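Notes to accompany the following structure.
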Amino acid sequence: MTAGDINMLALAQNVLGPMFAKKYPEVELRTVHTGPGDAGSQLILEKLRAEKLSGKATWDVDVAMVHQIFMSWAMAEGDLLLQYAQDLETWKYVTSLHAKYALGTPVEGYVMPMFHSQVAIAYNPKYVPNPPRSYEELVEWVKANPGKFGYNGIKGGMSGVAFVVGWVYWKTGKYEKYAITGPYDETEVASWEPIFKELKEFNKYVTITAGNVGTLDALNRGEIWMGPVWVDMFYTFMLTGKMDPSIRLVLPAPGLPGQPMYFVIPKKARNIEWAKKFVEFVTSPEIQAKVIVEMYNWYPGIDGTYIKDYVSPEAYARLYRDITPEELREKGLSFALAKYHTAILEAYEKWTIGG
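Listed below in C-alpha cells is the structure:
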C-alpha cells in the first residue's frame, strides 16, 4: 500500500514489484495506491486502525510506503506498526536522522527510509559564478540582483515552503527545537513577527513563481537566475531536456528541509517475513542505486557512500556533483513539527503577505 503521487504507484507496480517477483517467483506483489499528500497517508492510517479494531489475528497490508506525517499519527495511535528495521541486513547502511525522528516523533526501528527528497537552491553559473553559500549571503545577493531570485512563496508547492521554513531556522537558530525535540510554544510564534517582516522586505526583490514547476521553468528560460527546487524534479527536468544543462545546485547554510518516504510494516501483517525481505531488497545498495538514484533521481534512503559501487559513475557524479553526501547529512534538514509547521505558514500569511 502506498501514499504519494502517481509515480509511487508506478514505482511499486511496474518496477519494484516485477523486480522482486523475478528474484522470488513464488511471491505475488499487489499494490494499492491511496493518493498524494497527507490525505494519502491518512487513508493508510484509517485502514490500519480498522484492522486493529477488527480484532483479526492477521491484517491485509504487509508493507506500506508513507510520509513523515503518517508516523506522527501512527505512533500516537499505538499498536499499529512493527518494530522491525534493526532485523534487516540493510539497517547498517542507514545513517540519516530521519530514521530516528519523523517531525519530532521517535520512530527508530519502525521505519526504513526508502528515498530522500531534498530542496536546494538552483542557480545559473553564467550569471552567478559564485553562488551564495548561506542565507545571509543570499539576502545580500538578492538585493544586488532584484527580480533574479524566484520562489513560489507558500502556494503551489513545497519548494517555496521549504525556503520559508529554512528562513525561520536561520533567523531563530532553533532548528533542533522546532524540528526535532519540541515542545510547541505559542510565545515562540509571537516572537516571529520581525522575522517575517524581514521576509516581506526580502520579497520586494524577488520574483514570485507559480509553484515548483514554475520556478524550474523560469530558471530554464533565464527569467530568474536562482531559486529553490526539489532536487529530483530538477534532475528529471534536466534529463528530459526541459532544463538548461548548465544550471547547478547549492545547499546554503544552515540548510534547507527535505523529506523521506518510509517503509513501515503493520504490526500484524500476514506475511511479515516476506515484508522484511521486500524492504531489505529495496533498501539494498544495488536497488537504491539502480532504481532510486538512476531511474528516479532521488537521494537514496541509505547513506549515499554505500551505493557508489552499484550506480553508474555518470548518475553518481550527477547526483552528488554539487551536494556531497557529507553536506546532505549536515545541511539536509527536516521540516518543522506539525504545530510549528502550521504556525510558520500562518505567520507568512499574516506578516509577510499581510502585515
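Just so you know, we're using the working numbering here: the sequence shown kicks off at 93 and counts up by one. Don't be surprised by glycine CBs; every beta carbon is placed ideally from N, CA and C. As the structure is a prediction and not an experimental result, all values here were calculated from the model.
{"Check": "With burial defined as no fewer than 16 other Cβ atoms inside 10 Å of the residue's Cβ, what is the status of alanine 212: buried or exposed?", "Outcome": "buried"}
{"Check": "In angstroms, rounded to a whole number, what distance separates the CA positions of leucine 411 and asparagine 389?", "Outcome": "7 Å"}
{"Check": "Using a Cβ-Cβ cutoff of less than 6 Å, which residues in the same chain neighbour isoleucine 272 once the five nearest sequence positions on both sides are dropped?", "Outcome": "Tyr193 and Gly196"}
{"Check": "Output the distance between the C-alpha atoms of glutamine 178 and alanine 409, rounded to the nearest integer angstrom.", "Outcome": "30 Å"}
{"Check": "Assuming tryptophan 322 is part of the beta strand (DSSP E), what are its boundary residues?", "Outcome": "318 to 322"}
{"Check": "Could you give the first and the last residue of the continuous beta strand (DSSP E) run that contains histidine 125?", "Outcome": "125 to 127"}
{"Check": "Have a look at Gly303, Tyr116 and Met157 and flag the residue whose alpha-carbon is nearest the alpha-carbon of valine 124.", "Outcome": "Met157"}
{"Check": "On the DSSP bridge list, what partners appear for arginine 340?", "Outcome": "Tyr215"}
{"Check": "How about leucine 341 and alanine 214: do their beta carbons lie closer than 7 Å?", "Outcome": "yes"}
{"Check": "Using DSSP with H/G/I as helix, E/B as strand and the rest coil, what is serine 376?", "Outcome": "coil"}
{"Check": "Give the straight-line distance between the Cα atoms of serine 404 and glutamate 378, rounded to the nearest whole angstrom.", "Outcome": "11 Å"}
{"Check": "DSSP state of valine 356, grouped into three classes?", "Outcome": "strand"}
{"Check": "Where does phenylalanine 288 fall in DSSP's three states?", "Outcome": "helix"}
{"Check": "With DSSP run on the structure shown, which of helix, strand or coil describes tryptophan 443?", "Outcome": "helix"}
{"Check": "According to DSSP, what are the bridge partners of threonine 94?", "Outcome": "His125 and Met157"}
{"Check": "Count the other CB atoms within 10 Å of the CB of glycine 170; is the residue buried (16 or more) or exposed (fewer)?", "Outcome": "exposed"}
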